[in-house]
Each structure stands twice: as C-alpha cells, then as structure tokens.
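Novice:
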Amino acid sequence: MAKLTSTDTYLQKTQGGLFVQGQAFRTCNNIYQAGFTTCYLQVIESMQAKAYVIVGIYQGTKIWGLLAAYQNSGCREWQEEEVEVLSQIASQLGVALQQTDYEIKCRIKRHNWQRRLKGCDRLPPPLTKFANLF
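1 is the number of the first residue of the sequence shown in the UniProt record's numbering; add one for each residue after it.
#1: Can you give the Cα-Cα distance for A69 and K105, rounded to whole angstroms?
#2: Is the beta carbon of C75 closer than 8 Å to that of N30?
#3: Distance check for V83 and F19, CA to CA, integer angstroms please.
#4: Assuming A51 contacts Q71 under a Cβ cut-off of 8 Å, what Cβ separation, rounded to an integer in Å, is found between them?
#5: Short of 8 Å in beta carbon distance, which residues of its chain neighbour A24, apart from the five on each side in sequence? Order them along the chain.
#6: Which value, in whole angstroms, describes the spacing of the CA atoms of W64 and Q98?
#7: Mind checking T27: buried by the 16 CB within 10 Å criterion, or exposed?
#8: May I have the straight-line CA-CA distance separating V53 from E81, to the nearest angstrom?
#9: I need the DSSP call for A69, collapsed to helix, strand or coil.
#10: Cutting at 8 Å between CB atoms, please list the residues of its own chain near E45, excluding the five before and the five after it.
#11: Alpha carbons only, please: which of W78, Q79, Q59 is nearest the one belonging to D101?
#12: Could you give the C-beta distance for L67 and A34, rounded to a whole number, given that I count them as a contact under 8 Å?
#13: What's the C-alpha gap between residue 169 and R115?
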C-alpha cells in the first residue's frame with residue numbers, strides 16, 4: 001500500500017468532485033494522456049501509479065469515501081469485469097456502513113430506554129415485557 005504524502009487539492013476544492021454528484025467510478029488507463037493538471041499528476045506519481053480505477057463508496061446517497069486500484073508497472077486497459085468487482089466491493093462497504101450506523105442508533109436508543117426504565121420500580125405487565133427486551 002502506498003502512503004499518500006501529497007494533498008489532493010482538487011478533491012478538497014470540489015469536496016469530492018463528481019463522486020459527490022453520484023458518479024459511480026472513474027478509470028484512467030494512462031495518467032500521462034489524461035490531461036491532468038501538474039498538481040494532480042504529482043499526487044498520482046507519488047503513489048507510483050500509471051493507471052487507476054476509483055470507485056465511490058456511498059453510505060446511502062452520500063459519498064463516504066473512495067476505493068481505488070492502481071496499476072504501477074505501466075498503462076492498463078481496465079476491463080469492465082474489474083470495475084464491476086470494485087463497484088460491488090464498494091457497494092458492500094456502503095451497506096456495512098449503513099448497518100453500522102443503524103446498530104449505533106439502536107444501541108443509543110436502547111441505552112436511553114434503559115436509563116428511563118431504571119427509575120421505575122414497578123412497571124405494568126406490558127411495559128415489563130417491553131423493558132426485558134433491553
């Protein structure tokens with residue numbers, strides 16, 4: 001794994017670029033023929049990449065991050081199947097993020113209910129059953 005030592009000013013300036021607008025992926029077969037700015041080329045070169053595919057990781061409809069695969073040995077013609085595999089991985093990561101978010105919200109609600117019910121010494125039978133769920 002390459003350690004990114006440069007700052008991607010484009011992503012900072014655009015707050016996620018086209019991925020914020022819902023773009024699913026971006027492929028680049030040859031970084032030197034893609035018309036990138038010098039600044040962006042320096043970022044990619046710092047990772048020793050010659051080609052790449054980047055896929056958005058979405059938590060619902062909001063961009064959470066990016067999943068990237070780089071070709072360092074030379075240019076590469078990315079195959080549709082390769083992009084599809086990365087897209088599916090990103091999709092599964094997005095589902096996992098949503099599930100984690102839901103689990104956290106459930107735990108917070110459960111904790112709040114436990115605190116509220118703790119002060120009640122004697123609950124009516126229907127509420128006792130409900131309280132035992134927590």
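Glycine is no exception: its CB is placed at the ideal position from the N, C-alpha and C atoms. Predicted model only: the values in this text are computed from it and were never measured.
Specialist: Let's see:
#1: Rounded to whole angstroms, A69 to K105 spans 33 Å at the Cα level.
#2: Yes; because the gap between Cβ atoms is below 8 Å, this pair is in contact.
#3: Per the coordinates, the alpha-carbon of F19 lies some 15 Å from the alpha-carbon of V83.
#4: Distance from A51 to Q71 at the Cβ level is roughly 4 Å; contact confirmed, criterion being Cβ atoms closer than 8 Å.
#5: For A24, where only same-chain residues beyond five positions count, the Cβ hits under 8 Å are V55, G56, S87.
#6: Q98 has its alpha-carbon roughly 11 Å from the corresponding atom of W64.
#7: Counting every other CB atom within 10 Å of its CB across the protein chains shown gives T27 a total of 16 or more, marking it as buried.
#8: So the alpha carbons of these two residues sit roughly 12 Å apart.
#9: DSSP places A69 in strand when its eight states are reduced to three.
#10: Same-chain partners within the cutoff: I31.
#11: Taking only the C-alpha atoms, the option nearest D101 is Q59.
#12: The pair is not a contact, with the Cβ atoms about 19 Å apart (cut-off 8 Å).
#13: The structure shown does not extend to residue 169, since the chain spans only 1 to 134, so no value can be given for it.
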